[in-house]
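The numbering of the sequence shown is the working numbering, which starts it at 10 and goes up by one.
Positions of the beta carbon are idealized from the N, C-alpha and C atoms, including for glycine.
Since the structure is predicted, the reported quantities are computational estimates derived from the model, not experimental observations.
One structure is given below, encoded as structure tokens.
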Amino acid sequence: MMILSIEKRNAVLSAMQVLVKKNAASILEANKIDMDSYDGGDIAMSDRLKVDDAKIDGMVESLRQLTVLEDPVGVERFRFTHNNGMQVYNRTASFGTVMIIYESRPDVTIEAGGIAFKSGNKILLKGGKESLNSNLTIVKLWHQALEENGVSTDWVEYLNYNRTQTQAFLESPTQPLDLIVPRGGERLIEFVKRNAKCPVIVSGRGNNFVYVHKDADQAMALEVIVNAKTAKISACNAVDKVIIDEALPNKEAFEMQLLQRLKEHKVTILGDDSWCAYDEVSKIQSDSVWYEEFLDYKIVVGTVSNTEAAITMINKYSGGHSASIITTTQDVADLFMASVDCAAVYHNASTRFTDGFEFGLGGELAIGTDKLHQRGPIGLQHLVTNKWYVHGNGQIR
Numbered sequence: 010m011m012i013l014s015i016e017k018r019n020a021v022l023s024a025m026q027v028l029v030k031k032n033a034a035s036i037l038e039a040n041k042i043d044m045d046s047y048d049g050g051d052i053a054m055s056d057r058l059k060v061d062d063a064k065i066d067g068m069v070e071s072l073r074q075l076t077v078l079e080d081p082v083g084v085e086r087f088r089f090t091h092n093n094g095m096q097v098y099n100r101t102a103s104f105g106t107v108m109i110i111y112e113s114r115p116d117v118t119i120e121a122g123g124i125a126f127k128s129g130n131k132i133l134l135k136g137g138k139e140s141l142n143s144n145l146t147i148v149k150l151w152h153q154a155l156e157e158n159g160v161s162t163d164w165v166e167y168l169n170y171n172r173t174q175t176q177a178f179l180e181s182p183t184q185p186l187d188l189i190v191p192r193g194g195e196r197l198i199e200f201v202k203r204n205a206k207c208p209v210i211v212s213g214r215g216n217n218f219v220y221v222h223k224d225a226d227q228a229m230a231l232e233v234i235v236n237a238k239t240a241k242i243s244a245c246n247a248v249d250k251v252i253i254d255e256a257l258p259n260k261e262a263f264e265m266q267l268l269q270r271l272k273e274h275k276v277t278i279l280g281d282d283s284w285c286a287y288d289e290v291s292k293i294q295s296d297s298v299w300y301e302e303f304l305d306y307k308i309v310v311g312t313v314s315n316t317e318a319a320i321t322m323i324n325k326y327s328g329g330h331s332a333s334i335i336t337t338t339q340d341v342a343d344l345f346m347a348s349v350d351c352a353a354v355y356h357n358a359s360t361r362f363t364d365g366f367e368f369g370l371g372g373e374l375a376i377g378t379d380k381l382h383q384r385g386p387i388g389l390q391h392l393v394t395n396k397w398y399v400h401g402n403g404q405i406r
């Protein structure tokens, strides 16, 4: 498909903003059908599935941010004049057709569609069956916004496939397919990697850590941990593991405060041997729990001997998503942030900010945890590849 002008792409996004606001009631009505049909067995899934007024506002704001961001296509990255006179340029270019496979979240239908379209890509949306009514209602609005601006509805396409049909499409696509982004649990990611015949950007597990250094502001540490654990347990940027420096002053008093705050939010607490003296803590039964992402009101707490031990532990067990250190010592923070192998590292802040919207990207297609093609929130600027443009006047080699 030919690249649309940036003016045309922005016009569609602006129209979509208006349509989402105007049709908020229809989106909420469709979502109610999905919510009523869902059995509620997975509280994280239920939270992701639900659309309310705040999520509608977030959809509109995502579209607004995308509209005002600069065009990511055709940006010059490199230029070179060959000694034979050729002019050589490298510029960003759209991938072509991008497919995203995601579970439950209707707001992804807005964010993924907007990011892909603004970056000049056709988007194939494969949402979960649990959010079908919500997704189809939003895609209908996408098509209306496209048609109002004289643009083919092929730019945003919804694939209402079951698992068997999805596997068949991945193995033998019925149209050109340049990139796939699975956004969901590890089973979904493995399914896509196993069956896809084109590049896959992995949006992996969270399993994020907070390390409380011996020089931590302890009041700050409490607020950060409670926020990172309880603000949105269905988010991949929620914290699952907390490790405390054994040299923390008044360590027992801090631990008791932390346990009390977590219990107020009905968080189940598992701990290593150093924590088992507390009634609120259940002993870890297997070290494998350190690898787990919970997406639930559940947390693991442990003790480490120093910063180097904390770094080693995080690099061994984390999902490569996010990790935070709480400390007043800048040199220690710098060491931690340089050494921890995660897509996002924090000093004195909650991991809950690892999000395309919070990072000013106008939303995100996913959170990349591999090192190629992009780590962390995959936004507008990242949904492009590159091309070489060479201008000559008859040069031969």
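Bridge partners - residue i, DSSP secondary structure assignment
i: L133; result: M108 and E166
i: I15; result: Note: I15 sits in no beta bridge, so no partner.
i: F87; result: N99
i: R192; result: Y111 and S212
i: K292; result: G280
i: N32; result: Beta-bridge pairing links N32 to no other residue.
i: V399; result: V97
i: D254; result: V313
Pair within 8 angstroms by beta-carbon distance, residue i and residue j
i: V309; j: K250; result: yes
i: G328; j: G215; result: yes
i: T90; j: H222; result: no
i: S331; j: Y306; result: no
i: N246; j: T363; result: yes
i: E139; j: L231; result: no
i: D379; j: V211; result: yes
i: S297; j: L279; result: no
Cβ shell of residue i (< 8 angstroms), same chain only, five flanking positions each side left out
i: C207; result: P182, L186, D187, L188 and I189
i: V201; result: I110, L179, I189, P191 and V209
i: G123; result: L22, M25, S71, L72, L75, G371 and G372
i: D56; result: K241, I242 and S243
i: S35; result: T146
Euclidean distance between Cα positions of residue i and residue j
i: D224; j: P258; result: 8 angstroms
i: W164; j: T336; result: 48 angstroms
i: M11; j: T101; result: 15 angstroms
i: V313; j: S283; result: 10 angstroms
i: I242; j: P115; result: 17 angstroms
i: A256; j: L374; result: 41 angstroms
i: F303; j: T106; result: 33 angstroms
i: E38; j: Q269; result: 39 angstroms
i: G194; j: V148; result: 24 angstroms
i: Q96; j: W397; result: 10 angstroms
i: L392; j: A318; result: 36 angstroms
i: I15; j: Q383; result: 24 angstroms
i: Q153; j: N32; result: 12 angstroms
Nonlocal neighbours in the same chain, by C-beta distance under 6 angstroms from residue i, ignoring five residues either side
i: N40; result: V60 and S143
i: L197; result: P191
i: L78; result: G371 and L389
Sequence-distant residues of its chain with Cβ nearer than 7 angstroms to residue i (five each side left out)
i: Q227; result: F263
i: G403; result: none
i: Y160; result: According to the sequence shown, residue 160 is Val rather than Tyr. Only L13, K17 and V21 meet the Cβ criterion.
i: G385; result: A352, A353, T363, I376 and G377
i: I42; result: N142
Just list the alpha helix (DSSP H) runs in the region 308 to 389, keeping only unbroken ones of 4 residues or longer that don't cross its boundaries, in chain order.
316 to 326 and 339 to 348
Segments assigned alpha helix (DSSP H), at least 4 residues, entirely inside the region 197 to 250
227 to 239
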